[in-house]
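Residue 646 in our numbering sits at position 11 of the sequence shown, with consecutive numbering throughout. I have placed the structure first, in the form of structure tokens, so that the comments after it can refer back to it.
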Amino acid sequence: TARSFLLMAPRGLRNVGNSCYMNSLLQAYLCCHPTFTDVVINFDTTVLHRYPENHAVQCMCALKKLFVCLLSGQEGPVDPSEFMDLFISNGEQQDISDANFQFLQMVFDALKV
636 TARSFLLMAP RGLRNVGNSC YMNSLLQAYL CCHPTFTDVV INFDTTVLHR
686 YPENHAVQCM CALKKLFVCL LSGQEGPVDP SEFMDLFISN GEQQDISDAN
736 FQFLQMVFDA LKV
């Protein structure tokens, strides 16, 4: 499971400009919710080939890539730009509550495909 990797080498996320609230949210889900992390890590990215225009699927694929990098055991911060650019392009979050709702909605929509 992803939890065993978390014990090995925690990594941070690079702040890519006004992204600290999303960085905190991503790290909280990664570290505090092992089942959630497993769902993200096991997401079938081949779905993107069938639904290339689906924004939720695009975001989920980028999220999986980000989580894999965070769990890789390498040192140093990870750049979340690819995920952040996709996620934020779908709307403007007003605060962490809005971001959390939109984040969970994106995951739910991607898993429905």
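Yeah, the Cβ is synthetic: ideal placement off N, Cα and C, and Gly gets one too.
- Distance check between THR680 and each of ALA663, THR670, PHE671 and LEU698 places LEU698 closest, using alpha-carbon atoms only.
- Residue pairing for VAL682: DSSP places it in no beta bridge.
- Linking TYR664 to VAL748 through their CA atoms gives a straight-line distance of about 22 Å.
- Assignment of LEU706 by DSSP, reduced to helix, strand and coil, places it in the coil class.
- Annotation: the continuous alpha helix (DSSP H) that includes LEU660 extends over 655 to 667.
- Restricting attention to ARG646, GLY652 and GLY647, the CA atom closest to the CA of ASP720 is found in GLY652.
- Here VAL748 carries a coil assignment [DSSP, helix/strand/coil].
- Take VAL675, set aside five residues on each side of it, and the residues of its chain with a beta-carbon closer than 6 Å to its own are LEU698, LYS699 and PHE702, in chain order.
- ALA745 places its beta carbon less than 8 Å from that of CYS694.
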